[in-house]
Amino acid sequence: MADLISPLAGKVWKVQVAVGDKVEVDDEVMILEAMKMETPVYAPESGTVKEIKANVGESVEEEQVLMVIE
Amino acid sequence: MLSAFQDLIYASGFVHLTLGHLVMWLIAFVLLYLAIKKQYEPLLLLPIAFGILVVNLPITHLMEPNEGLIWRFYQYGIKWEVIPPLIFLGLGAMTDFGPVIANPRVLLLGGGAQAGVFGAYFVALLLGFDLKEAASIAIIGGADGPTSIYLASKLAPHLLGPVAVAAYSYMALVPIVQPPVMRLLTTEAERKIVMRKLRPVSKLEKIVFPIITAIVIMLMVPASAALVAMFMLGNLFKESGVVGRLTNTAQNELMNIVTILLGISVGATMTAEVFLQPSILKIFLLGLIAFIIATAAGILLAKLMNLFLKEKINPLIGAAGVSAVPMAARVAHKMGTQANRQNYLLMHAMGPNVAGVIGTVVAASILLTFLN
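Chains as they are written, first to last, in this note's numbering: chain A, 3 to 72; chain B, 6 to 377.
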C-alpha cells in the first residue's frame, strides 16, 4: 500500500485515474498546478487506486496525501 | 475661408509626420502584437507599446514639460521615483520568502546571478557607452523591470525606454534564452540531483525576515532604501496577517494603478529621435549578454557551492537567480523534471528567484552609490 504524496503546494488540476483503476509505477495519475505551471505527479508503486483524497480544484499542501494505491 | 481651412491642416499632425515617426509606429504595432497575441508580459508591454505610439504623433505635446499629460505621469511618477518603489510595495506583498528562510544558502545564488549585471557593465563600456549609460543598460541583467527603470531614470533617462523594453522582452524570453545555457553548463547527473523537502518555516520567521533584511540592507547600502523599504514593508503586510485590506490593495489595486502609469510613461519616452539610434541595437545585444552571463553565474556558483556541501544543490536552480519571478523558477523546475521525472524543483528554485530580486536591488544601489 502506498500513499501518493504531494511534492509541492498547489491546486489539483486534473485527476487522470478513478478508484479501481490499475496503475503501473511512474504512471501519470494527477496533475497539480502551482505558479501557473502544470506539474504532473506519478504513481510511486504499481497497484490499484484505492482512494482519491484530493479532488479537482482543491488546494493541497506539500506532503499531503493525494491518493492511496494498493 | 480657405486660409482657415489651411490653418486647420497645418495645425493637424499629418504635415509634421516624419519617417522616424512611422518606424516607431511599426515598433509599437509589433510590441502590441507581442503583448496581445503572444501575451509577452502584456501588463507592461501593452501600455508601453501604446505610449510609444501616442508620443510619436506630432504636436500632441503629450510629453511637453509642464503641460503634457504623460509628462506629468513621468515627472511625478518616475522622475520623482515614486512609481518603482510603489511597485516594490506590491511585489513584496506578493512574495513568499519561505524558500529563502528555509535554505538561506540561496541568497548566495541570488547574489551570484548579479554577476550578469557587472559582466554586462564592462562589455557596455567596451562598446562605447559612458559609465552611467553602461550601468543603466547592464541592470537589464538583473531581470527586474522596476529596478531597471529606477536606475535608468536616475542615471541615463534618455535610455530609459529601450532599457525597459529590452528588460521586459528578455524576461518574457527567459524560457528560450536560459535552457541552452543551462544544458551547456550542467551534466545530466547534476540535473538529476533531487533536493530534500524544505523545512517548514514558522510564521515568526516570516515576520522577522523582512524587518531584519530591511535593517541590514539599508545600513549596508543606503542608496537602496526607497526600493528595499517598500519591498520589505509589502512583505511585512502580507506576513503579519493583520492588515489584509492593505495587503490586498498592495497586491491588486495599487499594483495595477502604478503598472498602468509606469507603462504609459516609459513608452512615452521613446520618441523617434531618442530611439532610432544605432546604440539601441547595442542595448538589446547587451541585454542578451547580461541574461546569459547571469544564468551562467548562478549555475556555476551552485556547482562551486556543491564542492563544499554534503547535501548537494541542483545547479539548475542557480539559473533561477535571474530574478524573473516566477518564470526562471519554472524553467529550472521544467528542466529538472526532464532529467528526473520525480524531481520537483519549483519551490527550491523560488528561493534563488526571490533572493535575486533583493540581489538586483543591491546591485543597482551599489551602482547608484558610485555613479550618482
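Don't be surprised by glycine CBs; every beta carbon is placed ideally from N, CA and C.
Cβ atoms of N319/B and L350/B come within 8 angstroms of each other, at about 6 angstroms. Per DSSP, L68/A is one residue of the beta strand (DSSP E) stretching across V67 to I71. Proximity of K339/B to chain A, defined by a Cβ-Cβ separation below 9 angstroms, is satisfied.
Taking 9 angstroms as the cut-off, the Cβ atoms of V170/B and T374/B do not count as close.
Y79/B sits in a helix when the DSSP states are folded into three classes. If you draw a straight line from the Cα of P9/A to the Cα of M176/B, it is about 27 angstroms long. Only those residues of the stretch 16 to 31 of chain A whose C-beta falls short of 8 angstroms from the nearest C-beta of chain B are listed: D28.
At a cut-off of 9 angstroms, the C-beta of A334/B has a neighbouring C-beta in chain A. DSSP, reduced to helix, strand and coil, places S17/B outside both helices and strands of the structure shown, so it counts as coil. Proximity of K38/A to chain B, defined by a Cβ-Cβ separation below 9 angstroms, is satisfied. Q256/B and G124/B have their C-alpha atoms roughly 33 angstroms apart. From the beta-carbon of L351/B, the residues of chain A found nearer than 8 angstroms are L10, A36, M37, M39 and T41. The Cβ atoms of S153/B and I145/B lie closer than 9 angstroms to each other.
The three-state secondary structure of L10/A, taken from DSSP, is coil. Between H338/B and V17/A, the alpha-carbon positions lie close to 21 angstroms from each other. Burial check for A301/B: the Cβ neighbour count within 10 Å reaches 16 or more, so the residue is buried. The C-beta distance from V67/A to K55/A rounds to 5 angstroms, short enough to meet the 8 angstroms contact threshold. With a contact defined as Cβ atoms closer than 8 angstroms, A360/B and G115/B qualify at about 3 angstroms.
Contact of E65/A with chain B is assigned, a C-beta pair being separated by under 9 angstroms. Within a 10 Å sphere around the beta-carbon of E63/A sit fewer than 16 other beta-carbons, which makes this residue exposed.
Not flagged as an interface residue toward chain A: Q343/B, since no C-beta distance is shorter than 9 angstroms. Boundaries of the beta strand (DSSP E) harbouring K52/A: G49 to I54, taken from the DSSP string. When C-beta atoms of the stretch 55 to 66 of chain B are compared with those of the stretch 222 to 241 of chain B, fewer than three pairs fall below 8 angstroms, so the two segments do not count as touching. Excluding sequence positions up to five before and after M68/B, its CB lies within less than 8 angstroms of the CB of V60, I75, W76, Y79, A273, T274 and T276, all in the same chain and listed in chain order.
In the structure shown, L238/B adopts helical secondary structure according to DSSP, grouped into three states.
DSSP lists no beta-bridge partner residue for Y38/B. Cβ-Cβ distances below 7 angstroms link L39/B to Y45 and L50 in the same chain, with the five nearest sequence neighbours on each side left out; the list follows chain order. Counting only residues of its own chain and dropping the five nearest sequence neighbours on each side, P70/B has a CB closer than 7 angstroms to the CB of W76. Under the three-state reduction of DSSP, E46/B is assigned to coil, being neither helix nor strand.
Counting only Cβ-Cβ distances below 7 angstroms, K208/B has no contacts in chain A at all, with the closest Cβ about 15 angstroms away.
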